[in-house]
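Trainee: Under the working numbering, the first residue of the sequence shown carries the number 1243, and numbering increases by one thereafter.
Where is the CB? At the ideal position from N, CA and C, for every residue including glycine.
Here the structure is a predicted model, which means the values were calculated and not measured.
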Amino acid sequence: MLRLFILITLLGCFAAGVTAQSGAAASPDDAVKNALKTGDRIPEFALRDALGKSVSSRDLTDGTNLVLVFYRGAWCPFCNKYLRQLQQNVTRINGLGGRLVAISAEEPETQILTARKNDLNYTVLSDPGLKVASMFGLVYRVPERTAERYRSNGLDLAAVNGTLLAELPIAATYVIRRDGTIAYAFLDGDYTKRAAPEILLAELEKIK
1243 MLRLFILITL LGCFAAGVTA QSGAAASPDD AVKNALKTGD RIPEFALRDA LGKSVSSRDL
1303 TDGTNLVLVF YRGAWCPFCN KYLRQLQQNV TRINGLGGRL VAISAEEPET QILTARKNDL
1363 NYTVLSDPGL KVASMFGLVY RVPERTAERY RSNGLDLAAV NGTLLAELPI AATYVIRRDG
1423 TIAYAFLDGD YTKRAAPEIL LAELEKIK
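1. Find out if the Cβ-Cβ distance for the pair Tyr1433, Cys1318 is shorter than 9 Å.
2. Three-state secondary structure (DSSP) at Asn1392?
3. What does the alpha-carbon distance come out to for the pair Ile1418 and Leu1397?
4. Excluding the five sequence neighbours on either side, which residues of its own chain have a C-beta within less than 8 Å of the C-beta of Pro1350, listed in chain order?
5. Who pairs with Leu1289 in a beta bridge, going by DSSP?
6. So is Val1402 in contact with chain D if we call contact Cβ pairs under 9 Å?
7. Tell me, to the nearest whole angstrom, how far the beta carbon of Ala1400 is from that of Ala1408; I am working on the premise that it is less than 8 Å.
8. Return the chain-ordered list of same chain residues with a C-beta closer than 6 Å to the C-beta of Gln1263, the five sequence neighbours on each side being excluded.
9. Classify Glu1440 as helix, strand or coil using the three-state DSSP reduction.
10. Could you compute how far the alpha carbon of Thr1388 sits from the alpha carbon of Gly1305?
11. Quick check: the segment 1306 to 1315 against the segment 1269 to 1281, are there 3 or more CB pairs under 8 Å?
12. If I'm right that Ala1347 touches Val1402 with Cβ under 8 Å, what's the distance once you round it to whole angstroms?
13. Quick check on Gly1305: does DSSP put it in helix, strand or coil?
14. CA-CA distance, Ser1298 and Leu1310?
15. Which residues in the same chain as Leu1338 place their Cβ atom closer than 7 Å to its Cβ, once the five residues preceding and following it in sequence are excluded?
16. Of the residues Phe1287, Thr1423, Phe1378, Ala1437, which one's Cα is nearest the Cα of Pro1277?
17. In angstroms with no decimal places, state the Cα-to-Cα distance between Glu1386 and Gly1340.
18. Nearest CA to the CA of Glu1286: which residue from Ser1394, Lys1373, Tyr1382?
19. Whose C-alpha, out of Ala1316, Arg1436, Arg1420, is nearest the C-alpha of Ala1427?
20. What first and last residue would you give for the alpha helix (DSSP H) that runs through Tyr1324?
21. Terminal residues of the continuous alpha helix (DSSP H) containing Asp1272?
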């Protein structure tokens, strides 16, 4: 009995340690509190696009303002719907001196399928392990009951996202100035809610 108690205690400590090391917030609402916000400067990073080419944060803001969207993955119907809504506004975004980029943890091969399925002609970047999403403070730990429900439907979040535990980014959309500072941040713990394209266009108008 004592050995069993010690084993359970050690496993609990290990799980807590893994969560702490991952940097993931305990809940979506906590991630909203932790996330980078208006006035903050974005971190420097480099990710691969759907064709495997490395793209840096400096490349993204070189001479242009940036609309940066973090989404959960091609498996998320709300994400696909939002990606298509943004596609309908790409010309207007570009016309206001902006560039549209979306990020998820999926591999470039999957990103290609996402772009084709949704008829996207803007840049989609792969963030394996949710490393850049974590740098923005967007990642939270998915409760085990929820993670198990996903697994029972054939979706292993940890495997898909390249993380040790089941983690996801909150719904987040940023408008970022050429100098790398955030002009607007939409952050919501409810993944069904997204920044309206009209708001993004208005924010770009302010800083063009």
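Mentor: Once the coordinates are examined:
1. In this structure, Cys1318 lies closer than 9 Å to Tyr1433 by Cβ.
2. It should be pointed out that residue 1392 corresponds to Tyr in this sequence rather than to Asn. Looking at Tyr1392 - three-state DSSP - the assignment turns out to be helix.
3. 32 Å
4. Only Arg1290, Asp1291, Ala1292, Leu1293, Gly1294, Ser1368 meet the Cβ criterion.
5. In the DSSP output, where bridge partners are listed per residue, Leu1289 has Val1297.
6. No chain D appears in this structure, which consists of one protein chain only.
7. 5 Å
8. For Gln1263, the predicted structure reports a pLDDT of 43, less than 50, and the residue's modelled location is therefore unreliable. A value from the coordinates is still provided. Around Gln1263: no qualifying Cβ.
9. helix
10. 42 Å
11. no
12. 7 Å
13. coil
14. 13 Å
15. Leu1443, Leu1446, Glu1447, Lys1450
16. Position check: residue 1277 holds Ala in this sequence, whereas Pro was assumed. Considering only alpha carbons, the answer is Phe1378.
17. 39 Å
18. Selection Ser1394, Lys1373, Tyr1382 evaluated against Glu1286 yields Lys1373 as nearest (Cα-Cα).
19. Arg1436
20. 1319 to 1329 is the span of the alpha helix (DSSP H), which, as asked, contains Tyr1324.
21. 1270 to 1276
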